[in-house]
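Read through the structure below, which is laid out as structure tokens, and then see the notes.
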Amino acid sequence: MENLLRAAIRPDVQALLPYAVPVADGMIKLDAMENPYPLSEDLRQPLAHILSSLPLHRYPSPQGTELKIRLARLMGLPEGTPMVLGNGSDELIQMLIQAVATPDAVILGVLPSFVMFHFIAQVSRVKFVGVPLKDDFSLDRSAMLAAIAQHRPALIFLAYPNNPTGNCFDEEVITEIIVRASPGLVVLDEAYYPFTPHSFKNNLPSYDNLLLMRTLSKLGLAGVRLGWLCGHPALLEEIDKVRLPYNVSVLDQVVAAWVLDHRDELDKQIATLVSERTVLADGLGRLPGVTVFPSQANFLLFRVPGASGIFDGLRRHGILIKNLTESHPLLQDCLRVTVGTPQENRLFLDALESLIHTP
Ligand SMILES: *Cc1c(COP(=O)(O)O)cnc(C)c1O
Numbered sequence: 001m002e003n004l005l006r007a008a009i010r011p012d013v014q015a016l017l018p019y020a021v022p023v024a025d026g027m028i029k030l031d032a033m034e035n036p037y038p039l040s041e042d043l044r045q046p047l048a049h050i051l052s053s054l055p056l057h058r059y060p061s062p063q064g065t066e067l068k069i070r071l072a073r074l075m076g077l078p079e080g081t082p083m084v085l086g087n088g089s090d091e092l093i094q095m096l097i098q099a100v101a102t103p104d105a106v107i108l109g110v111l112p113s114f115v116m117f118h119f120i121a122q123v124s125r126v127k128f129v130g131v132p133l134k135d136d137f138s139l140d141r142s143a144m145l146a147a148i149a150q151h152r153p154a155l156i157f158l159a160y161p162n163n164p165t166g167n168c169f170d171e172e173v174i175t176e177i178i179v180r181a182s183p184g185l186v187v188l189d190e191a192y193y194p195f196t197p198h199s200f201k202n203n204l205p206s207y208d209n210l211l212l213m214r215t216l217s218k219l220g221l222a223g224v225r226l227g228w229l230c231g232h233p234a235l236l237e238e239i240d241k242v243r244l245p246y247n248v249s250v251l252d253q254v255v256a257a258w259v260l261d262h263r264d265e266l267d268k269q270i271a272t273l274v275s276e277r278t279v280l281a282d283g284l285g286r287l288p289g290v291t292v293f294p295s296q297a298n299f300l301l302f303r304v305p306g307a308s309g310i311f312d313g314l315r316r317h318g319i320l321i322k323n324l325t326e327s328h329p330l331l332q333d334c335l336r337v338t339v340g341t342p343q344e345n346r347l348f349l350d351a352l353e354s355l356i357h358t359p
């Protein structure tokens, strides 16, 4: 087997570590920004009926036209707004990178940010330049402008709000990057749009090089893999050429469209999560030694001395969050917790408090 691997598999792929998804069986799962609420029985029953009559022997709608109507409505954009659909926004990131990948193309992002920007660039053998954020996790304007001028990136990824820091970057600096600095495309990843009033949605018509990426994952349908990209139709047309046909299954398309037609329930859950974010932030802020960072998303980043020990202790209490302390120098002693149900948040805060007092 060793010889076979050597003969066949790229050495840089062999050197990769697998994307580790920790085992969470039976745990309170606050590590992955999922909506903690399942669909209600009232919705599941009629949905099951619809799914039972789907033509599973046929390929899905290649363009997802019915779904795009719902997505435009969800965004408050006109019906017929052009979009590219992806099997999650992860697949859109992959398509974008494939569409710009020449031997000397550069992709630029910030650090720390969503790991998929860097990871997919690396696997696609496209150079990735990561510009560190400032200590307060804001954009380092002069470092960004200098890096853009030096590397002339074909593509810039910015998550807005950013993961794992939770903040939205300065609107004026982003606009300056889009309008004056960037020679190529600027993709704003608005995965956390349900939890913030901030969006560049209304700026889409103004800037030819701006693309907006969204997903249903954080809204409450992480298991339905669906992301979408909006922007100038001429750009979307090119990016759509690298999309594999039928990339979004008929099950995903129908479930997503149907749930979006019955969105009240999700909207209520989101409102609860936004107010629970404040409860959780206040609770964290009251604990000795804990610094909690402002968040526009459905998670909170916080710093606590001895973060790794605390993370392990929480796991022993049956609570899974995310340990970021090794992931970037700016995130030393930082942990990230997803906003859960009021009861989950309470259990998390109680466990954390007991660990801080008796580690
Ligand atoms: C969670 C997240 C996504 C979601 O990706 P999907 O593939 O749509 O599940 C995208 N971008 C960011 C910044 C995220 O944090």
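Here the sequence shown is numbered in this note's numbering, starting from 1 and rising by one per residue. Just so it is clear, CB atoms sit at the ideal spot from N, CA and C, and this is done for glycine as well. None of these values were measured; they are calculated from a predicted model.
What residues come near ligand 1, if near means a beta carbon less than 5 Å from any of its heavy atoms? 88, 89, 90, 114, 159, 163, 189, 191, 215, 217 and 227
Just the Cα atoms here: how many angstroms apart are residue 133 and residue 162? The residue labelled residue 133 in the question sits at position 133 within the sequence shown. The residue labelled residue 162 in the question sits at position 162 within the sequence shown. Their Cα atoms are separated by approximately 11 Å.
Residue 253 burial status per 10 Å Cβ neighbour count (16 or more: buried): Taking the sequence shown and counting its residues from 1, the one referred to as residue 253 is at position 253. The residue is buried, with at least 16 neighbouring Cβ atoms inside 10 Å.
Between which two residues does the alpha helix (DSSP H) harbouring residue 93 extend? Position 93 of the sequence shown holds residue 93. Looking at the DSSP string, the run of the alpha helix (DSSP H) that includes residue 93 is 89-100.
Please return the same chain residues whose Cβ sits closer than 6 Å to the Cβ of residue 169, not counting the five positions on each side in sequence. To locate residue 169, count along the sequence shown from 1; it is residue 169. If we look at residue 169 and ignore the five residues flanking it on each side, its Cβ neighbours are 139.
Have a look at 332, 183 and 349 and flag the residue whose alpha-carbon is nearest the alpha-carbon of residue 283. Residue numbering aside, residue 283 sits at position 283 when the sequence shown is read from its first letter. With distances taken between Cα atoms, residue 283 lies closest to 349.
Quick one: is residue 76 buried, meaning 16 or more other Cβ sit within 10 Å of its Cβ, or exposed? Along the sequence shown, one-based indexing puts residue 76 at 76. Exposed, by the Cβ-count rule.
In or out: residue 237 buried (at least 16 other Cβ within 10 Å) or exposed? Residue numbering aside, residue 237 sits at position 237 when the sequence shown is read from its first letter. Its Cβ having fewer than 16 others within 10 Å, residue 237 is exposed.
Close beta carbons around residue 72, own chain, < 8 Å, minus the five adjacent residues each side: Mapped onto the sequence shown, residue 72 falls at position 72. Counting only Cβ-Cβ distances below 8 Å, and skipping sequence neighbours, we find 78, 79, 80, 81 and 83.
Tell me whether residue 201 sits in a helix, a strand or coil according to DSSP, three-state version. For this step, residue 201 is matched to residue 201 along the sequence shown. Three-state DSSP puts residue 201 in a helix.
Uninterrupted alpha helix (DSSP H) stretches inside the stretch 100-156 (no shorter than 4 residues): 115-123 and 141-151
Beta-carbon separation of residue 127 and residue 106 under 7 Å? Position 127 of the sequence shown, counting from 1, holds the residue named residue 127. Position 106 of the sequence shown, counting from 1, holds the residue named residue 106. Yes. Within cutoff.
Three-state secondary structure (DSSP) of residue 9: To locate residue 9, count along the sequence shown from 1; it is residue 9. Coil at residue 9, not helix or strand.
Report back the beta-carbon spacing between residue 145 and residue 181 to the nearest angstrom; my notes put them in contact at under 8 Å. By one-based count along the sequence shown, residue 145 stands at place 145. By one-based count along the sequence shown, residue 181 stands at place 181. Indeed, because the Cβ distance is near 5 Å, the residues count as touching under 8 Å.
Going by other Cβ atoms of all chains shown within 10 Å of its Cβ, with 16 needed for buried, is residue 95 buried or exposed? By 1-based counting over the sequence shown, the position of residue 95 is 95. It counts as buried.
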